[in-house]
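Following: one structure in structure tokens, then a few remarks.
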């Protein structure tokens, strides 16, 4: 990930509803959720939710996958890991053992 991509991802997450959407999709796992269900769970308007989904998709933090006639949205954990890796690239001034608690806290089998 480069600086431009990381700024796009951080800007996407820097808005309350988009952060809520991303966290909801992380919780939903690999199954993801349709846009209408995301809007319902967050109490947002469906067309506004679609606009937020588009921003998150362009930032590489979520992706859409077709499930029959429904489009489901899932958190793109690779994109999220790339963002975290970029942010931690120069972690701890060359002493990676100092970063181990952070790495352990964000590690998952997803």
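In the numbering used here, the protein residues as written are 26 to 135.
Backbone N, C-alpha and C fix where the C-beta goes; we use that ideal spot for every residue, glycine too.
Query: Residue 99 - containing alpha helix (DSSP H), residue span; Result: That residue, residue 99, is in no alpha helix (DSSP H); its beta strand (DSSP E) goes 95-100.
Query: Test item: CB-CB of residue 86 and residue 104 under 7 Å; Result: yes
Query: Beta-carbon proximity check, residue 108 vs residue 34, cutoff 7 Å; Result: yes
Query: DSSP bridge partner residues for residue 88 (one or two, in chain order); Result: 99
Query: Cβ shell of residue 84 (< 7 Å), same chain only, five flanking positions each side left out; Result: 33, 34, 37
Query: Cβ-Cβ distance between residue 57 and residue 71 below 7 Å; Result: no
Query: Per DSSP, the bridge partner or partners of residue 59; Result: 97
Query: Rounded straight-line distance, which links the Cα of residue 41 to that of residue 130; Result: 23 Å
Query: Length of the line joining the Cα atoms of residue 124 and residue 51; Result: 23 Å
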